[in-house]
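Single-structure report; data block below.
Protein chains: 2
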Amino acid sequence: MRLILIGFGNLGRGLARALIEKGNFIREKYSLAPSVVAVADEHGAAIDVRGLSLEKLLEVSEKKGSVAYYPSFGSEGKSSLEVIEEVDADVVFELTPTNIVSGEPGLSHIKKAITSGKHVVTSNKGPLVVAFRELDNMAKKRGVQFRYSASVGGSVPVIGLAQRLLAGNTIYSIRGVLNGTTNYILTRMEKEAAPFDVVLREAQEMGIAEKDPTLDVDGIDTACKTVILANAILGVDKKLSDVSPVGIRQIRPEAIRLAREAGYTIKLIGVAKRDSLEVGPRLVPIGHPLAVWGTLNAVTFEMDLAREITITGFGAGPRETSSALLSDLIDIHRSVGE
Amino acid sequence: MRLILIGFGNLGRGLARALIEKGNFIREKYSLAPSVVAVADEHGAAIDVRGLSLEKLLEVSEKKGSVAYYPSFGSEGKSSLEVIEEVDADVVFELTPTNIVSGEPGLSHIKKAITSGKHVVTSNKGPLVVAFRELDNMAKKRGVQFRYSASVGGSVPVIGLAQRLLAGNTIYSIRGVLNGTTNYILTRMEKEAAPFDVVLREAQEMGIAEKDPTLDVDGIDTACKTVILANAILGVDKKLSDVSPVGIRQIRPEAIRLAREAGYTIKLIGVAKRDSLEVGPRLVPIGHPLAVWGTLNAVTFEMDLAREITITGFGAGPRETSSALLSDLIDIHRSVGE
């Protein structure tokens with residue numbers, strides 16, 4: 053299968069490393085031989101229809117700052133849209149940074165990939181909170197696969213679990229601890245009885261929280277993921293503007309202590325139902341599978357037949373995310389038999 | 053899709069009820085119209101190629117003790133093997149009781165279904181711990197689907213999660229709380245500091261433990277499920293005789309208390325690795341996703357890319373199991389496009 057990678061930051065490079073590490077495994081187990089025929093970043097692209105060297109892509113990108121400097125096959129200034137349109141390939145991986153307002157540049161990349169008849173795998177939440185239903189319908193109409201497992205839960209296959217493995221159930225609600233940074237902060241606040249500001253600073257120093265922590269601590273990242281889960285699993289047509297998230301800045305150690313004495317822990321939870329989306333701090337009983345610690349993510353589905361199922365794992369990190377990207381690729385390979 | 057149900061006890065009747073309840077849902081969502089053309093139990097069978105009434109099957113079975121008394125289409129003494137061989141159908145549900153020594157009668161039913169070109173969905177652990185690889189190879193050779201999600205975890209799609217959604221990963225180990233009865237007993241022993249015998253008797257009175265609790269409390273049921281997980285997910289060829297299970301009879305409340313003081317809980321765990329299968333009581337850190345309470349089941353996969361993922365839910369009960377049976381049916385429908 054011929055792949056195009058759009059975006060070669062942490063996630064793109066993580067995928068390249070996973071393809072190097074798991075190449076033989078995938079070939080032997082699934083008779084799938086992925087060949088990366090083009091990679092584009094913000095400075096340009098590298099294109100070779102016979103397949104680029106993943107090792108060389110990583111080296112050039114890390115040493116010279118762009119895949120455009122790939123020897124012989126690099127091309128400065130070549131745009132991602134041109135690459136998607138012009139290069140013959142089976143699957144486009146859209147791995148550029150998330151923009152939750154416009155969805156760009158990912159939105160245009162995905163549309164171009166679909167209209168040029170290529171399957172799409174993305175980790176990019178932007179296009180999914182801006183135009184989920186439009187993209188899903190476009191892909192169905194054009195007869196290509198559109199996969200986005202990596203956009204929610206990192207390595208935790210939340211969407212596939214609901215879509216594929218709980219197929220006989222009517223899902224009433226989805227509740228999730230969807231943001232590892234805030235879960236880490238709340239866990240530290242609980243274990244050390246420390247105030248939010250102190251723990252946030254510590255998390256920033258450790259690289260767990262960003263310098264501008266707004267997207268995480270104000271619940272916006274959780275809101276994005278809640279919107280995606282609702283669209284993908286409950287079949288609704290929601291956008292980020294349909295949620296009014298409440299974050300964790302106002303939570304005091306005393307509140308956490310009182311909750312704990314009553315047998316609860318406080319988590320930042322996204323709740324998706326067919327007719328409502330909510331994001332905010334919620335009490336979760338200690339011992340409930342959703343009461344996970346540290347940077348873990350967890351999602352609970354409430355259903356008619358299976359009642360309640362929870363899945364837990366590591367949401368973040370390029371290596372963890374490559375697990376979801378590779379699984380989407382293998383699943384496309386199985387579905388289309390290429 | 054034309055279905056044959058072999059076995060019409062709790063699980064078979066549970067599936068019939070789920071098909072009644074979810075018939076419209078499945079038709080609308082998956083364009084799948086299941087029609088039960090034959091049902092067999094130990095006294096006989098009911099056969100109608102135009103489709104039997106599920107309501108009538110339930111009524112006849114509950115009031116008269118066998119589907120053989122289904123008006124006009126019932127037939128006393130008709131054997132399951134005859135039904136599987138003679139009736140034209142797409143899928144056979146093998147739902148007879150588990151026999152872990154011979155695998156019978158399920159083993160013969162499944163072989164007959166495969167050789168007569170029918171897909172198989174089963175909840176029966178017997179054939180899977182006696183002849184997993186043989187059956188899997190037979191099905192592949194004959195070009196039919198062989199599904200057994202319901203045999204481990206009840207409603208919790210443990211096998212599908214590993215086979216389908218973690219496909220890019222090399223799975224190193226599978227650890228599971230796989231038996232709800234023992235987990236209930238250990239939970240009560242921990243919460244009430246009560247001895248094993250007392251809690252077992254209470255569980256028997258509540259119907260959570262069987263009168264003869266050997267299969268559960270001596271770890272044999274957990275061993276069966278561990279064998280199935282190893283075969284289905286790690287690709288090995290193991291049988292029940294490859295495990296020497298240790299049960300929970302010897303666990304004293306003092307041991308549980310000491311574990312708890314050190315931050316652990318004691319669970320009956322099945323561990324499957326490529327080169328070893330173990331079943332016995334193990335310490336699990338409190339707060340780990342595997343440390344689930346009551347009758348919950350939980351399975352943790354340890355992998356290269358996604359590191360660690362845990363799935364949790366209700367393992368037992370005919371309604372929960374019908375969730376797995378229906379999901380297998382829908383997945384076969386998707387795979388073969390019938």
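Just so you know, the sequences run in chain order U and S. The first sequence begins at 53 in my numbering and counts up by one. The second sequence begins at 53 in my numbering and counts up by one. We put the CB at the ideal spot given by N, CA and C, even for glycine.
In the structure shown, what three-state DSSP assignment does ASN62 (chain S) receive? Working through the second sequence from its first residue, we reach residue 62 (chain S) at position 10. The answer is helix: DSSP assigns ASN62 (chain S) an H, G or I state.
Between which two residues does the alpha helix (DSSP H) containing SER168 (chain U) stretch? Indexing the first sequence from 1 puts residue 168 (chain U) at position 116. Looking at the DSSP string, SER168 (chain U) is not in any alpha helix (DSSP H), and its letter there is neither H nor E.
DSSP three-state assignment for LEU335 (chain U), whether helix, strand or coil: Taking the first sequence and counting its residues from 1, the one referred to as residue 335 (chain U) is at position 283. Here LEU335 (chain U) sits in strand by DSSP.
By the DSSP assignment, the beta strand (DSSP E) with PHE125 (chain U) in it spans what residues? Reading the first sequence from its first residue, position 73 is the one you call residue 125 (chain U). From DSSP, PHE125 (chain U) is part of no beta strand (DSSP E); its letter is neither H nor E.
Beta strand (DSSP E) containing ALA350 (chain S): first to last residue? Translated into the one-based positions of the second sequence, residue 350 (chain S) becomes position 298. Looking at the DSSP string, the run of the beta strand (DSSP E) that includes ALA350 (chain S) is 348-355.
Contact list for LYS74 (chain U) against chain S, beta-carbon separation under 9 angstroms: The sequence position of residue 74 (chain U) within the first sequence is 22, counting from 1. Within chain S, the residues near LYS74 (chain U) are GLY220, ASN221, THR222, ASP356, LEU357.
Every unbroken alpha helix (DSSP H) within the segment 249-282 of chain U, with a cutoff of 4 residues, ordered by chain: 266-269
Under the three-state reduction of DSSP, which class applies to ALA245 (chain U): helix, strand or coil? Taking the first residue of the first sequence as 1, we reach residue 245 (chain U) at position 193. DSSP places ALA245 (chain U) in coil when its eight states are reduced to three.
Please list, in chain order, the chain U residues whose beta carbon lies closer than 8 angstroms to that of GLY212 (chain S). Here residue 212 (chain S) is taken as the residue at index 160 of the second sequence, counted from 1. Near GLY212 (chain S) (Cβ distances below 8 angstroms), the residues of chain U are ARG216, LEU217.
Listing by chain order, which chain S residues have their CB less than 8 angstroms from the CB of GLU360 (chain U)? In the first sequence, counting from the first residue as 1, residue 360 (chain U) sits at position 308. Near GLU360 (chain U) (Cβ distances below 8 angstroms), the residues of chain S are GLY365, PHE366.
Strictly by DSSP, which residues pair up with PHE396 (chain S)? Limits of chain S in this structure are 53 at one end and 390 at the other, which puts residue 396 (chain S) out of reach.
Measure the C-alpha to C-alpha separation of ALA350 (chain S) and HIS340 (chain U) and round it to an integer number of angstroms. Your numbering for residue 350 (chain S) matches position 298 in the second sequence. Your numbering for residue 340 (chain U) matches position 288 in the first sequence. ALA350 (chain S) and HIS340 (chain U): Cα-Cα distance of roughly 12 angstroms.
Closer than 7 angstroms between beta carbons: that is the criterion. Which residues of the segment 237-248 of chain U meet it against chain S? none
From LEU213 (chain S) to LEU180 (chain U), what does the alpha carbon distance come to, in whole angstroms? Here residue 213 (chain S) refers to the residue found at position 161 when the second sequence is read from its first residue. Here residue 180 (chain U) refers to the residue found at position 128 when the first sequence is read from its first residue. Their Cα atoms are separated by approximately 24 angstroms.
Using the rule of at least 16 other Cβ atoms within 10 Å of the residue's Cβ for burial, across every protein chain shown, is ASN76 (chain S) buried or exposed? For the purposes of this step, residue 76 (chain S) is taken as residue 24 along the second sequence, with counting starting at 1. Under this definition ASN76 (chain S) is an exposed residue.
Let me know the secondary structure DSSP gives TYR82 (chain U) once reduced to three states. The sequence position of residue 82 (chain U) within the first sequence is 30, counting from 1. Note: TYR82 (chain U) maps to helix in three-state DSSP.
Compute the beta-carbon to beta-carbon distance between LYS291 (chain S) and VAL204 (chain S), rounded to the nearest angstrom, for a pair I have assumed lies under 8 angstroms. Within the second sequence, the letter at position 239 stands for residue 291 (chain S). Within the second sequence, the letter at position 152 stands for residue 204 (chain S). LYS291 (chain S) to VAL204 (chain S), Cβ: 16 angstroms. No contact.
Chain-ordered neighbours of GLY339 (chain S) on chain U, where CB pairs are closer than 7 angstroms: Counted from its first residue, the second sequence places residue 339 (chain S) at position 287. Going along chain U in sequence order, the residues near GLY339 (chain S) (Cβ under 7 angstroms) are TRP345.
Which first and last residues belong to the alpha helix (DSSP H) in which LYS115 (chain S) is found? Taking the first residue of the second sequence as position 1, residue 115 (chain S) is located at position 63. LYS115 (chain S) -> alpha helix (DSSP H) spans 106-116.
Could you tell me whether the segment 114-124 of chain U touches the segment 138-147 of chain U, using the rule of 3 or more Cβ pairs below 8 angstroms? no
Who are the Cβ neighbours of TYR316 (chain S) in its own chain at under 7 angstroms, not counting the five residues just before and after it? The residue you call residue 316 (chain S) lines up with position 264 of the second sequence. If we look at TYR316 (chain S) and ignore the five residues flanking it on each side, its Cβ neighbours are LEU335, VAL336, PRO337, ILE338.
Contact check, LEU286 (chain U) vs ARG326 (chain U), beta carbons under 8 angstroms: As a first step, residue 286 (chain U) must be located in the first sequence, where it is residue number 234. As a first step, residue 326 (chain U) must be located in the first sequence, where it is residue number 274. Yes. Within cutoff.
How about the segment 217-237 of chain S and the segment 259-270 of chain S: do they share at least three Cβ pairs that are nearer than 8 angstroms? yes
For chain S, find out if any of its Cβ atoms is closer than 8 angstroms to the Cβ of ASP383 (chain U); answer yes or no. Counting from 1 along the first sequence, the entry for residue 383 (chain U) is found at position 331. Yes, because at least one Cβ of chain S sits closer than 8 angstroms to the Cβ of ASP383 (chain U).
Express the C-alpha separation of GLY206 (chain S) and SER168 (chain S) in angstroms, rounding to a whole number. Residue 168 (chain S) sits at position 116 when you count from the first residue of the second sequence. Residue 206 (chain S) sits at position 154 when you count from the first residue of the second sequence. About 28 angstroms.
CB GLY178 (chain U) to CB GLY158 (chain U), shorter than 8 angstroms? Taking the first residue of the first sequence as 1, we reach residue 178 (chain U) at position 126. Taking the first residue of the first sequence as 1, we reach residue 158 (chain U) at position 106. Result yes, Cβ atoms of GLY178 (chain U) and GLY158 (chain U) sit closer than 8 angstroms.
For ARG405 (chain U), count neighbouring Cβ atoms within 10 angstroms of its own Cβ and tell me buried if that reaches 16, exposed if not. The question about residue 405 (chain U) has no answer here: the residues shown for chain U are numbered 53 through 390.
Return no unless some Cβ of chain U is closer than 8 angstroms to the Cβ of ARG253 (chain S). Here residue 253 (chain S) refers to the residue found at position 201 when the second sequence is read from its first residue. For ARG253 (chain S), the answer is no, since every Cβ of chain U falls outside 8 angstroms of its Cβ.
What separation, rounded to the nearest whole angstrom, lies between the Cα atoms of PRO370 (chain U) and GLY66 (chain U)? The residue labelled residue 370 (chain U) in the question sits at position 318 within the first sequence. The residue labelled residue 66 (chain U) in the question sits at position 14 within the first sequence. Going by the C-alpha atoms only, they are around 5 angstroms apart.
Does DSSP classify TYR200 (chain S) as helix, strand or coil? Within the second sequence, numbered from 1, the residue matching residue 200 (chain S) stands at position 148. TYR200 (chain S): coil per DSSP, three-state reduction.
Which of helix, strand or coil DSSP assigns to ALA368 (chain S): Residue 368 (chain S) sits at position 316 when you count from the first residue of the second sequence. Three-state result, ALA368 (chain S): coil.
Chain S residues whose Cβ lies nearer than 8 angstroms to that of GLU372 (chain U): Working through the first sequence from its first residue, we reach residue 372 (chain U) at position 320. Near GLU372 (chain U) (Cβ distances below 8 angstroms), the residues of chain S are LEU357, ALA358, ARG359.
Is the distance from the Cβ of LYS164 (chain U) to the Cβ of VAL196 (chain U) below 8 angstroms? For the purposes of this step, residue 164 (chain U) is taken as the residue at position 112 of the first sequence. For the purposes of this step, residue 196 (chain U) is taken as the residue at position 144 of the first sequence. Taking 8 angstroms as the Cβ cut-off, LYS164 (chain U) and VAL196 (chain U) do not qualify as a contacting pair.
For a contact meaning CB atoms closer than 7 angstroms, what does PHE125 (chain S) contact in chain U? For the purposes of this step, residue 125 (chain S) is taken as residue 73 along the second sequence, with counting starting at 1. None at all; the shortest Cβ gap to chain U is about 27 angstroms.
What in chain S is Cβ-close to SER83 (chain U), meaning under 9 angstroms? Your numbering for residue 83 (chain U) matches position 31 in the first sequence. What SER83 (chain U) touches in chain S: nothing, since even the nearest Cβ is about 13 angstroms away.
Could you check what DSSP says for LEU67 (chain S) in three-state terms: helix, strand or coil? Counting from 1 along the second sequence, the entry for residue 67 (chain S) is found at position 15. Three-state DSSP puts LEU67 (chain S) in a helix.
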